[in-house]
Amino acid sequence: MNMELATTDRTDGAWDQVVTDTRVHRSVYADPSIFQHEMASIFAGTWVYLLHESEIPNANDFRAARLGSRPVIVTRDAKNQLHVLMNRCTHRGATICREKSGQAATFTCPYHGWRFKNDGKLMGVPGRDAYGNAFSRDRFSLGRAPRVESYRGFVFATLNQEAPDLETHLGQARFFIDQWLDQGGGDGLVVQSSAHRFHLKCNWKLIFDNAGDGYHVPFSHQSLLKMTADRYGGGDMTYFGDADKSSMRVYDLGNGHTLIDQREEMYNPSAWKQQRPQPGRETFEGSVAARKPQDEQSSTLDMAVGSGMNLNIFPNLLLIGNQIQVIEPLSVGETILTWYATTLDGVDEEVNVMRMRTQEDFPILGETDDAANFEACQQGLMSIPEEEWVDISRHVTTNTDRAERDGIVSGPVTSDLHLRAYFRRWKELMKVKPNIQTRPEGDAQ
Amino acid sequence: MNEQTSPEAKAAPQPASTYIDAELYTWLDAASEDFRAFDPGRVAEIDGVHSLLASEARALDDQAFGPWLDLYVADCVYWVPSNWPASSAALTVSLEFHDRRRLIDRVDRLGTGLAYSQLPPSRTARVLGMPEIWKHEDGRGHIRARAPFVMGETRAGENRVLSGWNGYVLRQTDEGLRIVVKQVNLIDADEPQGNNSFFL
Ligand code: FES
Ligand SMILES: [Fe+2]
Numbered sequence: 001m002n003m004e005l006a007t008t009d010r011t012d013g014a015w016d017q018v019v020t021d022t023r024v025h026r027s028v029y030a031d032p033s034i035f036q037h038e039m040a041s042i043f044a045g046t047w048v049y050l051l052h053e054s055e056i057p058n059a060n061d062f063r064a065a066r067l068g069s070r071p072v073i074v075t076r077d078a079k080n081q082l083h084v085l086m087n088r089c090t091h092r093g094a095t096i097c098r099e100k101s102g103q104a105a106t107f108t109c110p111y112h113g114w115r116f117k118n119d120g121k122l123m124g125v126p127g128r129d130a131y132g133n134a135f136s137r138d139r140f141s142l143g144r145a146p147r148v149e150s151y152r153g154f155v156f157a158t159l160n161q162e163a164p165d166l167e168t169h170l171g172q173a174r175f176f177i178d179q180w181l182d183q184g185g186g187d188g189l190v191v192q193s194s195a196h197r198f199h200l201k202c203n204w205k206l207i208f209d210n211a212g213d214g215y216h217v218p219f220s221h222q223s224l225l226k227m228t229a230d231r232y233g234g235g236d237m238t239y240f241g242d243a244d245k246s247s248m249r250v251y252d253l254g255n256g257h258t259l260i261d262q263r264e265e266m267y268n269p270s271a272w273k274q275q276r277p278q279p280g281r282e283t284f285e286g287s288v289a290a291r292k293p294q295d296e297q298s299s300t301l302d303m304a305v306g307s308g309m310n311l312n313i314f315p316n317l318l319l320i321g322n323q324i325q326v327i328e329p330l331s332v333g334e335t336i337l338t339w340y341a342t343t344l345d346g347v348d349e350e351v352n353v354m355r356m357r358t359q360e361d362f363p364i365l366g367e368t369d370d371a372a373n374f375e376a377c378q379q380g381l382m383s384i385p386e387e388e389w390v391d392i393s394r395h396v397t398t399n400t401d402r403a404e405r406d407g408i409v410s411g412p413v414t415s416d417l418h419l420r421a422y423f424r425r426w427k428e429l430m431k432v433k434p435n436i437q438t439r440p441e442g443d444a445q
Numbered sequence: 001m002n003e004q005t006s007p008e009a010k011a012a013p014q015p016a017s018t019y020i021d022a023e024l025y026t027w028l029d030a031a032s033e034d035f036r037a038f039d040p041g042r043v044a045e046i047d048g049v050h051s052l053l054a055s056e057a058r059a060l061d062d063q064a065f066g067p068w069l070d071l072y073v074a075d076c077v078y079w080v081p082s083n084w085p086a087s088s089a090a091l092t093v094s095l096e097f098h099d100r101r102r103l104i105d106r107v108d109r110l111g112t113g114l115a116y117s118q119l120p121p122s123r124t125a126r127v128l129g130m131p132e133i134w135k136h137e138d139g140r141g142h143i144r145a146r147a148p149f150v151m152g153e154t155r156a157g158e159n160r161v162l163s164g165w166n167g168y169v170l171r172q173t174d175e176g177l178r179i180v181v182k183q184v185n186l187i188d189a190d191e192p193q194g195n196n197s198f199f200l
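Sequences listed follow chains A and B, in order.
All residue numbers for the first sequence refer to this note's numbering, where the first residue is 1 and numbers rise by one.
All residue numbers for the second sequence refer to this note's numbering, where the first residue is 1 and numbers rise by one.
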């Protein structure tokens, strides 16, 4: 049976056919109409991560972002209120803000000079009289996300008026976001240290699939593991080599969110000791040994190493190591992946400098191999329609899933539990038509 | 296991790297600024620079990594900033920032033949523009240079053009002129990048 036809009716039954607990149909990765459906049901219908508040710390700061493939401007107005504005002039549609970030109380469209406040209100229209007396500026406010909320600095938005609040959406993941934030130490996270940006020729879900894939490491990253073994006798991620036997688990946190917890392996006994040496290692070690009391040395060194967590917040936020990864789908076969580097407030500068070097490690030595494989998957899925399925059945029949506290379910780290968990959420969202609105005040154009 | 690596050598990270410190970062910031300065008055012809830059580019096009590394001093920095203009490496992540040790990590990883982002490997052809060369003597180097580049790259049937300029700090050593710093400034450093798993 050809599933391409089945998906055109978009009934619940059709979605149940293309995604099951053991396999996913290629059209889910390759069909542009399913991608369009996702941009509404998922990237407007549920909470999408946009940025961290420390990127726009001051009144009138702004940064461009994407809500799915919609360009938006995230602003902080004069009263520190956050807004997520559609970056599209209400006059003829031009992109209004053409800068990536900056400071602006108002945005003036370069085309005919309409001027908007950073809360989206239209303030000025050149030659306004020509529009007649009935012209109402209120009708021409910029489109906006009706719901914008942040959780401990992570700013999310949705166009769905009826979405549950952000804390409910994050659910069990909140506990682990707290851990991720708190284990670094210091007074808080700062996202002001540039980023690794990748343009990938693959569907966004191939990136999300991989974020909870503890199976691929010894194969995809064989070059890195071999080099590390040859030069340093092991360390860093080698515990993934025989991951089926390891005690590491992957956790289904509900609502499509998942976690791979490497901490037990990575911090045993010290993450710093296991880490592949990075530029500046000896200097940092020497300084910590000279300046910190004995009992603080190990924890200080560990502040510069990754978190040991892969915390995946559906659909587009991946907290991996000490980086914030953001997935921005552009089209069915094109995605931008950005790894924002982080520093810690209130710690010695040398900790943050060392964090820059450790956060360069994987993007340089590992991510390009992942990316090559994602793109290879996309090619396979796009080009041979007769071959219809991808498999997500690993550990379905092994009885290794385990009920944890509060409804969390875990499986072996090499399980496809992550895929099954997030696809279940994906399907739930794809089946409903959310109440999407960019003009919440009813100021319809 | 790598035949050249003796078990004793493994005990200490090889080669030890003690030169990446606060002073180096400050000096790199100053070098960054110096590369960017436009100062026709300081530009001079200095023997050996053209040939060194040509050899460095050629070694990378040939993927002759052994000879390539020989062109760099032991306390070298290979740096691809993630911003335009380059921001401080101490405060921001770079697309690449390597001391000699991590440079060798990078070379050895490619050498395993298992780096799938380089299967098949990229072919590159780099064209360096006329370099500006000037004297700048300090404790780390004697000469600096800046050259624009255009690089054609092909891999698996896909062609790309990468472009930008390189800043170099060079040192006169007993073996001849060598590279202390190579800073690669991509014109799209702050935009999403494709598969740059070869060396720039
Ligand atoms: S399109 Fe923006 S003012 Fe005309
Ligand atoms: Fe990976």
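Cβ coordinates follow ideal geometry from the N, Cα and C atoms, glycine included.
Model, not experiment: these values are computed from the prediction.
In this structure, the straight-line span from the alpha carbon of Gly132(A) to that of Val184(B) is close to 56 Å. Under the Cβ distance rule, Asn83(B) counts among the residues neighbouring chain A, one pair being separated by less than 8 Å. Residue pairing by DSSP places Glu153(B) opposite Thr124(B), Arg160(B) in a beta bridge. According to the DSSP assignment, Gly176(B) belongs to the beta strand (DSSP E) that extends over 176 to 186. For Ala341(A), the chain B residues whose C-beta falls within less than 8 Å of its own C-beta are Thr92, Val93, listed in chain order.
The beta carbon of Ala130(A) sits no closer than 7 Å to any heavy atom of ligand 1.
Closest in alpha carbon position to Phe135(A), among Met356(A), Arg10(A), Gly13(A), Val125(A), is Val125(A).
Among the residues facing chain B, Gln172(A) is not included, as its CB has no counterpart in that chain under 8 Å away. Under the Cβ criterion of 8 Å, Asp108(B) is counted among the residues facing chain A. Within its own chain, the residues whose Cβ lies closer than 6 Å to the Cβ of Leu317(A), once the five positions on either side in sequence are excluded, are Tyr49, listed in chain order. Each of Glu132(B), Val150(B), Ser117(B), Arg140(B) was checked against the Cα of Arg126(B), and the nearest Cα belongs to Val150(B).
At least one C-beta of chain B is nearer than 8 Å to the C-beta of Met356(A).
With fewer than 16 neighbouring CB atoms inside 10 Å of its own CB, Tyr111(A) falls in the exposed class.
Inclusion of Gln172(A) and Asp406(A) in the CB contact set at 8 Å is warranted, their separation being smaller than that value. At a cut-off of 8 Å, the C-beta of Phe198(A) has a neighbouring C-beta in chain B. Using a cutoff of 7 Å, the CB of Ala94(A) counts as near ligand 1, since one of the ligand's heavy atoms is closer than that.
Between Asn435(A) and Asn160(A) the beta-carbon gap is near 6 Å, inside 8 Å, which marks them as a contact.
A residue is called buried when at least 16 other Cβ atoms come within 10 angstroms of its Cβ; Pro412(A) meets this threshold and is buried. Of the heavy atoms belonging to ligand 2, none sits nearer than 7 Å to the Cβ of Ser117(B).
Interface annotation, Ser27(A): not in contact with chain B, CB-CB separation never under 8 Å.
Separation of Ala54(B) and Gln172(B) (C-alpha to C-alpha, rounded to the nearest whole angstrom) is 17 Å. The stretch 32 to 39 of chain A and the stretch 324 to 334 of chain A touch, with three or more beta-carbon pairs separated by less than 8 Å. For Lys100(A), there is no enclosing alpha helix (DSSP H), as DSSP gives it neither H nor E. The contact set of Met227(A) on chain B, defined by CB atoms closer than 7 Å, consists of Asp105, Asp108, Arg109, Thr112 in chain order.
Asn160(A) has Ile436(A) as its beta-bridge partners, per DSSP. Judged by DSSP in its simplified three-state form, Thr11(A) adopts coil rather than helix or strand. In the DSSP annotation of this structure, the continuous segment of the alpha helix (DSSP H) that includes Glu282(A) starts and ends at 281 to 291. Beyond the five residues adjoining it in sequence on each side, Val93(B) comes within less than 8 Å, by CB distance, of Ser82 in the same chain, given in chain order. With respect to Tyr29(A), Gln325(A) sits apart: the two C-beta atoms are not nearer than 8 Å.
A Cβ of chain A is located within less than 8 Å of the beta carbon of Gln14(B).
Glu191, Pro192, Gln193, Gly194, Asn195, Ser197: these are the residues of the stretch 180 to 199 of chain B whose beta carbon lies less than 7 Å from some beta carbon of chain A, given in chain order. By the Cβ-count criterion, Gln294(A) is exposed, with fewer than 16 other Cβ atoms from all chains shown falling within 10 Å of its own Cβ. Glu96(B) has a beta carbon lying within less than 8 Å of a beta carbon in chain A. Neighbours of Arg101(B) in chain A, taken as residues at a C-beta separation under 8 Å, are given in chain order as Pro277, Pro279.
Of all residues in the stretch 363 to 387 of chain A, the ones placed with a Cβ closer than 7 Å to any Cβ belonging to chain B are Ile364, Leu365, Thr368, Asp369, Ala371, Ala372, Asn373, in chain order.
Comparing alpha-carbon positions, the option among Gly48(B), Gly41(B), Asp21(B) lying closest to Ala89(B) turns out to be Asp21(B).
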